[in-house]
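Report on the following structure.
Residue numbers (my numbering): 4 to 176.
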């Protein structure tokens, strides 16, 4: 597969209002529902695919909520396609993550503690682009990604996503 361009490769300037927020507090997850999702770490050489969310302006690994009747790996593949147009194949489980001290608060009033499943995603076809959920998309080195504002749950995943750390595991306190 041809090498992807460096940095941001697409941008929408008229983005949706930034309404999704995060709430933080000791075990605040106990006040919310659990929501299962899946993400994909897609590498091109030493560059990782990241997207900027239209709902809060923060960067993240492409991914989203799991639908009933779907395998977690299928969720990761579907979400990358929906968000970027890139077809990927989930090839490896990289970790399971959740932070009971962070809740996602949605514009409709729903609140959720996210339980996420991280997969390695291998590029199959297509070119990463934009969607209604994504205002920017780009390929970043670890140093470049460290300069971005990422959603809280994805920050500790980056070493694993870049392949420089063991599979991710939320160690109990």
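Every residue, glycine too, gets a C-beta built ideally from N, C-alpha and C.
Quantities reported herein were computed from a predicted structural model and do not represent experimental measurements.
The closest CA to that of residue 125, considering only 31, 62, 97 and 158, is found on 97. Counting C-beta atoms within 10 angstroms of its own C-beta, residue 37 has fewer than 16 neighbours from the protein chains shown and is therefore classed as exposed. In the structure shown, residue 133 adopts coil according to DSSP, grouped into three states. Between residue 106 and residue 35, the C-beta gap is smaller than 7 Å, which places the two residues in contact. Per DSSP, the continuous beta strand (DSSP E) segment holding residue 93 begins and ends at 90 to 101. Rounded to the nearest angstrom, the Cβ distance from residue 63 to residue 153 is 6 Å, consistent with a contact under 8 Å.
Looking at the DSSP output, residue 76 shares a beta bridge with no other residue. One alpha carbon belongs to residue 162, the other to residue 112, and they sit about 33 Å apart.
Going by beta carbons, residue 55 and residue 143 fall outside the 7 Å limit. With respect to the 7 Å criterion, residue 95 and residue 123 are classified as neighbours on the basis of their beta carbons.
For residue 127, the number of other beta carbons within 10 angstroms of its own is below 16, and it is reported as exposed.
Residue 119 sits away from residue 28, with the two beta carbons spaced by 7 Å or more. In the three-state DSSP reduction, residue 160 falls in the helix class (H, G or I). 48 is the residue among 48, 26, 67 and 23 whose C-alpha sits nearest the C-alpha of residue 164. In the structure shown, residue 115 adopts extended strand secondary structure according to DSSP, grouped into three states.
The Cβ atoms of residue 91 and residue 80 sit closer than 7 Å to each other.
The residues 38, 40, 101, 107 and 156, in chain order, have a CB closer than 7 Å to that of residue 117 in the same chain once the five nearest residues on each side in sequence are set aside.
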